[in-house]
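For reference, each letter of the sequence shown is one residue, going 2 to 229 in the working numbering. Glycine included, every Cβ here is placed at the ideal spot set by N, Cα and C. Structure, as structure tokens:
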Amino acid sequence: MKTAILISGRGSNMRALLDAASAPSYPAEIICVISNEPNSAGLEWASNAGIETDIINHRDYDGRTSFEDALHKKLISVDVELICLAGFMRLLTEHFVSKWQDRIINIHPSLLPSYKGLNTHKRVLVDGVKFTGCTVHFVRSEMDDGPIIAQAVVPVRPEDDPDTLAARVLAAEHECYAFALRLVACGATTIVNRTVEIVGAISPETALFNPSPKPLVDGHSTKTENEL
Ligand code: GRF
């Protein structure tokens with residue numbers, strides 16, 4: 002499936018997708034990378050890797066509609082079938098999303114629908130939740146909304162700060178995004194109302210605990226798993 006990646010910055014998820022797509026059996030082909038930010042590090046990386054790149058700077062347009070029209074025109078001109086948002090920091094309106102209905106996917110660094118928006122890791126730490134993670138979902142015009150394709154769960158550790166947590170989530174993002182793109186590109190996903198049905202999907206059977214209900218750190222608990 003001919004895929005475009007839209008970025009605004011560092012591009013580590015973009016690199017994970019390019020890496021996955023370099024395997025001959027991978028069902029998505031990354032045909033271009035587009036950034037709205039002229040100086041994004043990811044753009045330079047993609048260009049050095051020989052991928053077609055383009056800059057569509059939103060500041061060059063007098064509104065969201067004309068920016069989105071330019072983006073749409075570019076994507077059509079290279080025969081794109083699927084769009085991956087990877088740290089793309091512009092909200093896409095219904096004007097654009099409706100033209101690409103169910104053909105745009107995004108990665109967000111939280112377990113949606115919790116923690117939509119920015120500064121997810123900081124808010125997760127303030128709330129004291131024990132698990133966070135990432136979500137790949139089909140895009141709707143509401144921010145960080147749309148049918149969920151895949152999620153990865155990451156424990157929040159007592160010693161975490163937003164940076165350590167972000168790094169742990171980011172490692173999961175790279176794997177989760179490459180996996181989710183594979184599912185979509187090979188035609189394994191079907192959207193049914195707000196859910197995504199996936200052919201051949203296997204779900205974990207057991208619950209995850211954080212903290213682990215095994216005996217805690219030496220000397221703090223001698224209780225067995227059953228007693229806790
Ligand atoms: C990632 O955390 C992604 O989930 C979010 O923006 C960040 C982009 O990072 N949407 P990178 O540019 O892929 O490194």
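Does DSSP classify residue 95 as helix, strand or coil?
Stepping through the sequence shown from its first residue, residue 95 is reached at position 94. Looking at residue 95 - three-state DSSP - the assignment turns out to be helix.
Between which two residues does the beta strand (DSSP E) carrying residue 71 extend?
For the purposes of this step, residue 71 is identified with residue 70 of the sequence shown, where counting begins at 1. No beta strand (DSSP E) contains residue 71, which is instead part of the alpha helix (DSSP H) from 65-78.
Close Cβ partners of residue 70 (< 6 Å) along its chain, the five nearest in sequence each way excluded
Mapped onto the sequence shown, residue 70 falls at position 69. There are no such residues.
Rounded to a whole number of angstroms, what is the C-alpha to C-alpha distance between residue 121 and residue 171?
Numbered from its first residue, the sequence shown carries residue 121 at position 120. Numbered from its first residue, the sequence shown carries residue 171 at position 170. So the alpha carbons of these two residues sit roughly 12 Å apart.
In whole angstroms, what separates the C-alpha of residue 73 from that of residue 97?
If you number the sequence shown from 1, residue 73 lands on position 72. If you number the sequence shown from 1, residue 97 lands on position 96. Each residue's Cα considered, the two are about 7 Å apart.
Since residue 31 and residue 52 are thought to touch, with beta carbons under 8 Å apart, how far apart are those beta carbons, to the nearest angstrom?
Working through the sequence shown from its first residue, we reach residue 31 at position 30. Working through the sequence shown from its first residue, we reach residue 52 at position 51. Rounded, the Cβ-Cβ distance is 6 Å, consistent with contact.
Taking 8 Å as the cut-off, decide whether the C-beta atoms of residue 17 and residue 106 are in contact.
Locating residue 17 in the sequence shown gives position 16, where the first residue counts as 1. Locating residue 106 in the sequence shown gives position 105, where the first residue counts as 1. No, the Cβ-Cβ distance between residue 17 and residue 106 is not below 8 Å.
Could you work out which residue in 139, 173, 158 and 161 is closest to residue 93 when comparing CA atoms only?
As a first step, residue 93 must be located in the sequence shown, where it is residue number 92. Of the candidates 139, 173, 158 and 161, the one whose C-alpha sits nearest the C-alpha of residue 93 is 139.
Do you know offhand how far residue 229's Cα is from residue 214's?
Within the sequence shown, the letter at position 228 stands for residue 229. Within the sequence shown, the letter at position 213 stands for residue 214. Since pLDDT at residue 229 reaches only 49, below the 50 mark, its modelled position is unreliable, and the value read off the structure follows with that caveat. Rounded to the nearest angstrom, the two C-alpha atoms are 6 Å apart.
With a cut-off of 8 Å on the beta carbons, I'd call residue 54 and residue 81 a contact; round off their distance for me.
Numbered from its first residue, the sequence shown carries residue 54 at position 53. Numbered from its first residue, the sequence shown carries residue 81 at position 80. In fact, because the Cβ distance is near 14 Å, the residues do not count as touching under 8 Å.
Find out if the Cβ-Cβ distance for the pair residue 184, residue 199 is shorter than 8 Å.
For the purposes of this step, residue 184 is identified with residue 183 of the sequence shown, where counting begins at 1. For the purposes of this step, residue 199 is identified with residue 198 of the sequence shown, where counting begins at 1. The answer is yes: Cβ separation under 8 Å.
Looking at the C-beta of residue 203, does it have a partner C-beta in chain C at a distance below 8 Å?
Absent here is chain C; the protein component of the structure consists of one chain.
So does residue 33 have its beta carbon nearer than 7 Å to some heavy atom of ligand 1?
Sequence index remark: in the sequence shown, residue 33 carries index 32 (1-based). Flag unset: Cβ of residue 33 not near ligand 1.
Is it the case that the CB of residue 169 approaches a heavy atom of ligand 1 more closely than 7 Å?
In the sequence shown, the residue the question calls residue 169 occupies position 168. Because no heavy atom of ligand 1 lies under 7 Å away, the Cβ of residue 169 does not count as near it: no.
By DSSP's criteria, residue 54 is part of a beta bridge. Which residues make up the other side?
If you number the sequence shown from 1, residue 54 lands on position 53. DSSP, once it has assigned bridges, lists 34 as partnering residue 54.
Flag residue 14 as yes when its Cβ comes closer than 7 Å to any non-hydrogen atom of ligand 1, and as no otherwise.
For the purposes of this step, residue 14 is identified with residue 13 of the sequence shown, where counting begins at 1. Yes - ligand 1 has a heavy atom lying nearer than 7 Å to the Cβ of residue 14.
Inspect the CB distances between the region 155-174 and the region 59-69 and report whether three or more fall short of 8 Å.
no
With DSSP collapsed to three states, give me the class of residue 229.
Position 228 of the sequence shown, counting from 1, holds the residue named residue 229. Legend: pLDDT at residue 229 = 49, less than 50; position of this residue unreliable, no value from coordinates given.
Given residue 90 as reference, the closest of 176, 157 and 10 once Cα atoms are compared:
Taking the first residue of the sequence shown as 1, we reach residue 90 at position 89. Looking at the Cα atoms, 10 is the closest of the given residues.
Excluding sequence positions up to five away, which residues of its chain have a Cβ less than 7 Å from the Cβ of residue 28?
Here residue 28 corresponds to residue number 27 of the sequence shown, with the count starting at 1. Here the set comprises 2, 183, 186 and 187.
Taking all protein chains shown into account, decide if residue 141 is buried (16 or more other Cβ within 10 angstroms of its Cβ) or exposed.
Numbered from 1 along the sequence shown, position 140 holds the residue referred to as residue 141. Label assigned to residue 141: buried.
Taking only heavy atoms of ligand 1 into account, decide whether any of them is closer than 7 Å to the Cβ of residue 135.
Counted from its first residue, the sequence shown places residue 135 at position 134. Yes; taking the cut-off as 7 Å, the Cβ of residue 135 has a heavy atom of ligand 1 nearer than that.
Cα-Cα, which of 146, 61 and 46 is closest to residue 95?
On the sequence shown, position 94 is the one that residue 95 refers to. Looking at the Cα atoms, 146 is the closest of the given residues.
Does ligand 1 have a heavy atom nearer than 7 Å to the CB of residue 109?
Within the sequence shown, numbered from 1, the residue matching residue 109 stands at position 108. Indeed, a heavy atom of ligand 1 lies less than 7 Å from the Cβ.
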